[in-house]
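Below is one structure, written out as structure tokens; comments come after it.
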Amino acid sequence: MTQKLALTPPMGWNSWDCYGASVTEEEVRANAAYMAEHLKPFGWEYVVVDIQWYEPRANSSKYRPFVPLEMDDYARLIPAVNRFPSSKDGQGFKPLGDYIHSLGLKFGIHIMRGIPRQAVHAGSKILGTDATARDIAHTNSICPWNTDMYGVNAAKEGAQAYYQSLFQLYAQWGVDFVKVDDVAASRLYHFHADEIGLIREAINQCGRDIVLSLSPGPAPTEQTEFLKEHANMWRMTDDYWDQWELLHAMFERCEKWYSHVEPSHWPDCDMLPLGHIEIRSVDGGGADRWTRFTPDEQTMMTLWCIFRSPLMFGGELRDNDDWTLSLLTNPEVLRVLHHSHSCKPHLRERDRIIWTAEDEEIGKYVALFNTGEQTGMVEIVLSDLGISHACQVRDLWRREDICDINHSVLLENR
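As structure tokens, then:
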């Protein structure tokens with residue numbers, strides 16, 4: 000069940016922002032090794048292989064329509080051996096998962112909802128049932144941006160057996176995290192509650208603890224209780240890239256969802272497009288580059304942490320410079336993510352935004368955001384924050400005490 004997993008927001012690396020659909024085993028292993036050496040002590044643990052790991056000729060983030068995919072005899076997609084050599088001889092992702100686990104990390108994959116179209120056209124068998132892929136396919140339920148799959152008709156006999164066969168395979172591979180795509184949006188792509196229900200039951204029956212992440216977004220707020228019952232995290236937004244307007248819009252999205260942030264159930268701001276990105280991905284409006292966010296904008300980590308969003312870094316970890324690494328390894332900022340509660344927006348007035356959160360041991364966290372073009376000063380009045388006593392102010396990014404205050408303090412808001 001969802002309640003015993005992801006008690007704090009999951010933290011990890013996802014291959015999409017830097018390699019699109021084309022990541023290779025060597026690149027996954029290398030980023031896992033970097034995480035184990037540099038990031039694991041700070042709570043980073045998931046290594047997630049994003050979409051199209053079953054397509055031999057994937058070469059960027061552009062999807063190649065109606066191409067052959069690697070698949071077993073039971074309509075289940077398997078890793079392309081030319082990109083993931085250790086999967087040869089039917090081993091699937093188990094050798095890669097074993098390697099990631101040997102580093103003390105956890106292994107994740109991306110899947111699309113539904114059943115491969117090529118399995119439907121071939122009439123492939125479904126493991127554990129007399130049904131075929133053709134019997135359970137919902138051929139009018141298709142993804143508008145990827146041609147790999149048909150939806151699954153949950154009312155058909157064999158539909159649950161298909162999803163259970165998938166997650167039995169993933170459990171054998173040692174998968175700890177599954178990101179299911181084309182399933183959770185409230186507009187354009189639709190919200191597929193029936194298939195989410197099949198997936199939840201399949202995870203419950205697979206014999207392994209697997210964190211369930213739903214994409215893309217925005218997820219519908221009216222489905223909040225359903226999302227909490229079935230998933231551990233769900234996207235509040237469509238794909239997020241290093242564009243100021245998307246960062247600015249995230250404040251409004253967080254305001255809609257903050258009251259639903261709780262252990263095991265995490266509204267998700269999406270991946271962090273920081274560091275060296277789009278090496279073989281062209282989805283974010285650019286080419287091979289470093290993030291377009293300025294250093295001040297990159298402290299969007301403040302919003303992700305005080306809101307308690309999952310953190311999935313999207314850049315090539317091996318290329319991190321000192322600045323990027325410092326964003327990911329500040330223990331005081333990450334404590335906000337791990338241990339705070341009761342996050343909420345305190346003030347939104349023109350270009351000034353203030354969020355607060357609580358920590359039983361540390362006290363109150365106050366996050367200041369300046370969304371304008373000019374540096375300014377903001378007055379923080381203790382009584383406005385519900386504080387009736389003198390206190391010490393500490394800058395968590397600089398990791399230094401600023402001052403002691405009795406009533407109010409003026410702080411620079413960059």
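Anchor point for the sequence shown: position 47 equals 46 in numbering that gives the first Met the number 0, and the numbering is continuous, going up by one each time.
Quick reminder that beta carbons are idealized off the backbone N, C-alpha and C, glycines included.
Please read these numbers as outputs of a predicted model, since none were measured by experiment.
Residue i and residue j closer than 8 Å at C-beta
i, j, result
"A160", "T138", "no"
"A366", "I305", "yes"
"R75", "L165", "yes"
"A201", "F225", "no"
"G206", "A153", "no"
"V210", "N231", "yes"
"A79", "W52", "yes"
"D16", "G313", "yes"
"F83", "I108", "no"
"P344", "E254", "yes"
"G274", "T290", "yes"
"P115", "L168", "no"
"V22", "F106", "no"
"F368", "I352", "yes"
"N58", "M311", "no"
"S341", "E359", "no"
Three-way DSSP call (helix, strand, coil) for residue i in this model
i, result
"L346", "strand"
"E17", "Contrary to the premise, residue 17 reads as Cys rather than Glu in this sequence. If DSSP states are grouped into helix, strand and coil, C17 belongs with the helices."
"D267", "strand"
"S101", "helix"
"H189", "coil"
"R288", "strand"
"F65", "coil"
"Y239", "coil"
"S341", "strand"
"M299", "coil"
"I77", "coil"
"W322", "helix"
"I305", "helix"
"V281", "coil"
"Y53", "coil"
"V335", "helix"
"E156", "coil"
"A184", "coil"
"V377", "strand"
"A136", "strand"
Residue of the options minimising C-alpha distance to residue i
i, options, result
"C142", "A183, I125 and I108", "A183"
"G362", "R349, P344 and R334", "R334"
"Y149", "G157, V119 and E156", "V119"
"W256", "G274, M235, L246 and H275", "M235"
"A32", "L104, A356 and S59", "L104"
"I110", "S325, N145, N329 and I352", "N145"
"T293", "L310, W322, S280 and F312", "W322"
"H189", "H337, H338 and P219", "P219"
"W233", "H264, Q204, S258 and E25", "H264"
"A130", "V22, E156 and H37", "E156"
"E54", "A20, W396, W43 and Q2", "A20"
"S339", "I99, W354, P94 and L102", "W354"
"Y62", "D403, V281, Q2 and N203", "V281"
Residues sharing a beta bridge with residue i, DSSP
i, result
"Y149", "I114 and I141"
"C390", "I404"
"D358", "G362"
"F176", "G107 and V210"
"H275", "W289"
"F368", "I352"
"R199", "In DSSP, R199 forms no bridge with anything."
"M311", "G11"
"M232", "S212 and W265"
"K124", "T131"
"Y45", "G11 and K105"
heavy atom of the ligand ADP below 7 Å from residue i C-beta
i, result
"V182", "Of the ligands one can find in the structure shown there are none, so the ligand ADP has no counterpart to examine."
- Query: For the region 253 to 270 against the region 317 to 327, are there 3 or more C-beta pairs whose distance is under 8 Å?
  - Reply: no
- Is there contact here, the region 172 to 183 with the region 31 to 49, by at least three beta-carbon pairs under 8 Å? yes
- Message: Quick check: the region 280 to 291 against the region 230 to 244, are at least 3 beta-carbon pairs closer than 8 Å?
- Response: yes
- Message: Between the region 113 to 131 and the region 56 to 75, can you find at least three pairs of beta-carbon atoms closer than 8 Å?
- Response: yes
- Item | contact_flag[the region 246 to 253, the region 289 to 303] where n(CB pairs < 8 Å) is 3 or more | yes
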